[in-house]
Amino acid sequence: MAESGSWQRYNRDASISITVLGVFFVGLRFSSRHLGKVPLGLEDALIVAALVLVKYGLGLHQSTIPIDDIITINKLLLPAEVFYCTSLILTKTSILAMYHRIFHIHQPTRIAVYVLGAITIIRAVSLIIASIFQCIPVARAWDKSFPGRCINLKDTFIANDVVNATTDVIILGLLIGRVWKVQAKWGVRISAVGMISLGGFVIFTSIYRIITLVDVNFDDLTYTLGRSNAWCVIEVSSGIISACLPTLRPLARALFPGIFSRKQSSQEPGNSSYPKPGNGGLLGDSSRDRVYKRPDVGVESDGDEYPLTVVKVRGRVEEIGFQ
């Protein structure tokens with residue numbers, strides 16, 4: 002709830018807490034992949050922009066803010082919109098790239114990834130262009146004293162966010178559907194689907210942000226945009242967390258070997274129809290996508306997410322299963 006006619010505390014607390022959590026999960030992701038320290042990303046720029054906006058009065062009624070601060074807020078909103086769109090596109094394409102690497106052998110999934118990737122990129126680029134050139138001249142976006150015209154950016158964002166939420170649902174459903182069909186024990190499949198389903202919170206944030214946008218009033222933009230601004234940060238950070246979750250199995254296996262230990266195969270390649278990948282350390286096999294070949298049989302193993310094994314016989318997919 003807003004206190005004393007202000008969304009400032011809500012905006013600040015929500016932005017900081019979810020971003021700290023997002024940075025924490027990015028740290029876990031990079032630790033899991035053994036890539037060293039966490040570099041600064043666009044999500045960091047987004048939280049900085051959010052905090053600066055709060056300083057200049059975002060979350061307060063416009064009538065209580067000096068005109069110079071209103072102009073400053075409007076100037077900061079433009080790059081914040083660009084950061085928001087760019088962060089979303091990078092997070093979503095990162096998830097799609099992971100899907101492609103794991104399920105590239107399955108043609109329908111591969112095609113779906115390409116289509117969703119194209120929709121994501123086109124949507125984000127169009128929204129970035131609309132944000133930058135929302136007014137002609139551009140300066141009218143932050144100073145209405147300039148003569149010119151502006152598009153209805155509120156309706157543009159709502160329309161694009163509906164598409165964004167729809168693609169979120171499709172992406173989550175696509176992964177759950179593929180994982181549920183793999184060859185594995187029920188417990189393994191349920192745990193994998195359960196972890197992936199946590200991405201449903203991203204869908205909630207996308208839908209709720211649409212609701213907050215409906216309440217935006219450009220006659221009192223600094224106040225009515227405060228809640229929507231906070232949910233921008235929550236949406237981006239929760240998307241980053243969702244993208245990190247499937248990559249944390251190696252780290253969990255290292256920290257809790259008794260729980261996440263992988264069963265060793267009791268069969269040698271010579272005694273089995275399907276040779277098994279090695280267990281060469283934290284990431285499984287030493288290569289990320291090694292193929293073990295027999296004249297008619299190959300096994301492709303993904304080494305870090307819930308590790309999948311694809312068995313091909315004479316070039317045809319026979320089964321996809323968890324190691």
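In my numbering, the protein residues as written are 2 to 324. All C-beta atoms, glycine included, are put in the ideal place defined by N, C-alpha and C.
Beta-carbon gap between residue i and residue j smaller than 8 Å
i      : j      : result
Ala244 : Ile96  : yes
Ala131 : Leu154 : yes
Asp162 : Ser207 : yes
Ile90  : Ile120 : no
Val204 : Val170 : As written in the sequence, residue 204 is Ile, which differs from the Val given in the question. Yes, these two residues count as a Cβ contact at 8 Å.
Leu222 : Gly200 : no
Nearest to residue i (by Cα), restricted to the options the options
i      : options                        : result
Ile212 : Val194, Phe202, Trp232, Gly200 : Trp232
Ala166 : Pro148, Gly240, Lys186         : Gly240
Asp216 : Ile177, Val203, Ile242, Asn230 : Asn230
Cys151 : Val139, Pro258, Phe205         : Val139
Phe84  : Asp69, Ile71, Val126           : Val126
Ile159 : Arg124, Asp220, Ile172         : Arg124
Arg210 : Arg179, Arg228, Gly178         : Arg228
Phe202 : Gln108, Leu246, Glu82          : Leu246
Thr94  : Leu256, Trp181, Ala255, Thr168 : Thr168
Arg141 : Ile71, Val234, Leu256          : Ile71
Glu82  : Val234, Leu256, Pro258         : Val234
Pairwise C-alpha distance: residue j and residue i
i      : j      : result
Ile106 : Ala98  : 13 Å
Leu79  : Ile133 : 7 Å
Val114 : Leu175 : 9 Å
Val194 : Thr87  : 28 Å
Trp187 : Thr225 : 47 Å
Pro148 : Ile137 : 9 Å
Lys237 : Tyr100 : The amino acid occupying residue 237 in the given sequence is Val; Lys does not appear at that position. Near 19 Å, if we compare the C-alpha coordinates of Tyr100 and Val237.
Lys145 : Ile129 : 21 Å
Val180 : Thr92  : 21 Å
Cβ distance (whole Å) where residue i is taken to contact residue j below 8 Å
i      : j      : result
Trp143 : Asn218 : Between Asn218 and Trp143 the Cβ distance is about 18 Å, and since that is not below 8 Å, they are no contact.
Where residue i falls, given that 16 or more other Cβ within 10 Å makes a residue buried
i      : result
Ser64  : With a pLDDT of only 49 at Ser64, under the threshold of 50, the placement of this residue in the model should not be trusted, and no figure is reported.
Gln135 : buried
Gly178 : exposed
Ile242 : buried
Leu256 : exposed
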